Amino acid sequence: MILRIFFAKDDIIEKNIFGETMTHINQLKLSLALNLITILIAVPLIFMTKRYLLSIIVIFCASRFWTNWQQYKKEKQSR
């Protein structure tokens, strides 16, 4: 369930972990928030720990953030 929200690919209305229904635009918002939080946590960790393997996570999350942001803007304009 978390991965489905994280990737936000489903157009169907789903129930989240609290039992509330979520539309695709709400899934995109949640996915954007999760990706941004992950980036904001991982970037300082890269510099503090010198573990550059974390940069793969940042690149992945940044690409997902950009893709979801484009989808969010399209859906927001279509409403």
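Offset between the sequence shown (1-based) and this note's numbering: plus 47. Heads up, the beta-carbon is just placed ideally off N, CA and C, and yes, glycines get one too. All figures in this text were calculated on a predicted structure; none of them were measured in a lab.
query	result
Would you be able to state if there are at least three C-beta pairs under 8 Å between the stretch 103-114 and the stretch 79-89?	yes
Alpha carbon to alpha carbon, what distance is there between leucine 75 and phenylalanine 112?	9 Å
How far does the alpha helix (DSSP H) with arginine 126 in it extend, from its first residue to its last?	Neither: arginine 126 is in no alpha helix (DSSP H) and is coded neither H nor E.
Would you kindly work out how many angstroms separate the C-alpha atoms of serine 102 and isoleucine 72, rounded to a whole number?	28 Å
Which value, in whole angstroms, describes the spacing of the CA atoms of proline 91 and lysine 120?	28 Å
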